[in-house]
Every structure is written in C-alpha cells, then in structure tokens.
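Asker: For reference, each letter of the sequence shown is one residue, going -25 to -1, 1 to 193 in mature numbering (1 follows the signal peptide of the UniProt record, and there is no 0). First the structure, which I've put down as structure tokens, then a few questions once you've had a look.
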Amino acid sequence: MRLLPLLRTVLWASLLGSPLRGGSGLRHAVYWNSSNPRLLRGDAAVELGLNDYLDIFCPHYDGPGPPEGPETFALFMVDLAGYETCQAGGTGAFKRWECARPFAPFGPVRFSEKIQRFTPFSLGFEFLPGETYYYISVPIPESSGRCLRLQVSVCCKETTEVLTTAPPFVLRQGNGVSRESLGPGGGSTPAWQGGRAPSPLCLLLLLLLPLLRLLRGL
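Rendered as structure tokens:
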C-alpha cells in the first residue's frame, strides 16, 4: 500500500525536525582591547552555560593604527592569584591564544572557547559547572597594550536534595554513624527521583505505531 511508505516518511520527518535540547549554545563576544574599561579595571565578568561559546576578538586596525603603536597580547588562563596580580608566571598558568595580527586583512582575529565538560581536542579545555575561570592578557614586548582581565563563571553547580527527616532505619546521633553517609538504600548514592513527562513527539510516535502495524497487515 502506498500509504505505508508515506507514513514512514512522516515519522522520520517529525523525528529529525524536532529540536534537540542542548545541541547548541549561546555566543558571548568580548572585544579584547584597552578601550574596554571593565577589562582594564578587572571587574569584567561573564556567566556562561555548558555548550556556550566565548568569542575573543583581538585588536584590529584598518589604518596605520594609534600613534603609540598597535596593541598585541598573549592571553593566558591563570588561577585566582595570577588574576589578582595580573601575572602569568604561576604553576597553573598557560598560554591560551596570542593576538599578534592587528592588521589582519579580513578583520579582527577571533578565538572561540567552547564551554564543555569534555573535549576531544588536545588544545581544548574542560570546564566544570559552578567554577570560575580567569583570563588575563600580558602585552607582547614593544606593544602599547596594558594588562586586561576577565572572569568566566560556568553555570550551574549541581546540587543534591538534602533529607530533612531521617529514614526510619538511620541510626540517630550519638552512635558514631553520620547521617550524611547513608541514603535511602543504605549507601551514599541518592535515590532516583523520577523523570520528566514524555515529550509530544514520543506520544505521537506511540499513537502512530499501531496504525503502522495495522496498515502493514492490509
């Protein structure tokens, strides 16, 4: 029957055409140069979620540039101490990018950082929810640039539900057993709290599958 291939096509189209949550993230642009007062003061901060992107645009000049010379930087990821002192000599500091092409012919050089838990690339960086990461730039010798700083907070820290009443089999205080170490099943892993309701797409597929079987038997 000709309706059978048509019905299969409709099912695949509805599946492939449905949006996937978390498949793509937002992009946040930062123009990294001394004209940004917040980068100079050190109070620039952004909050990003997993799968978001941080786009760093290097200084760029269409003409000869400022009289004092173009700004060029080496950008580092550092710890809090390196951020506060704007020093990239700490043990946890490493060079992330280098803005060394202020007269690039096709516009400003852009570096993109994807906020992700795991990366398949050796030059990628892995981020954890609830943590703050620090970027600084150290001017390249003979550059007119100054020290710039940025904080990146990754949302959101995973939390677990705290029991307000003890299960009946948990030993009370004073017997040497910690309540926090015991879950509903006697272990440290919290119990499953249930899932979300099925999506409309799943309900549609459940309704159409019996019809597909009926048409196949005709």
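Glycine included, each C-beta is placed from N, C-alpha and C at the ideal position. Keep in mind the model is a prediction, meaning the values are calculated, not measured.
Measure the Cβ-Cβ separation of Leu123 and Leu23 and say whether it is below 8 Å.
Answerer: no
Asker: Assign Ser87 to one of two classes, buried (16 or more other C-beta atoms within 10 Å of its C-beta) or exposed (fewer than that).
Answerer: So Ser87 counts as exposed.
Asker: Find the nearest neighbour of Ile111 within the set Phe100, Leu1 and Phe69, judged by alpha-carbon distance.
Answerer: Phe69
Asker: For the beta strand (DSSP E) holding Ala20, just list the boundary residues, first then last.
Answerer: Ala20 to Gly24
Asker: Buried or exposed: which applies to Cys74, given that a residue is buried once 16 or more other Cβ atoms fall within 10 Å of its Cβ?
Answerer: buried
Asker: Can you give the Cα-Cα distance for His3 and Leu182, rounded to whole angstroms?
Answerer: 42 Å
Asker: Please state the DSSP three-state secondary structure of Leu182.
Answerer: helix
Asker: Quick check on the DSSP output: what are the complete beta strand (DSSP E) runs of length 3 or more inside the region 13 to 68, in order along the chain?
Answerer: 20 to 24, 28 to 32 and 48 to 53
Asker: Using DSSP with H/G/I as helix, E/B as strand and the rest coil, what is Arg85?
Answerer: strand
Asker: Measure the C-alpha to C-alpha separation of Leu1 and Leu190 and round it to an integer number of angstroms.
Answerer: 44 Å
Asker: Tell me whether Leu190 sits in a helix, a strand or coil according to DSSP, three-state version.
Answerer: helix
Asker: Would Ala79 and His35 qualify as a contact pair, given that the criterion is a beta-carbon distance under 8 Å?
Answerer: Yes, these two residues count as a Cβ contact at 8 Å.
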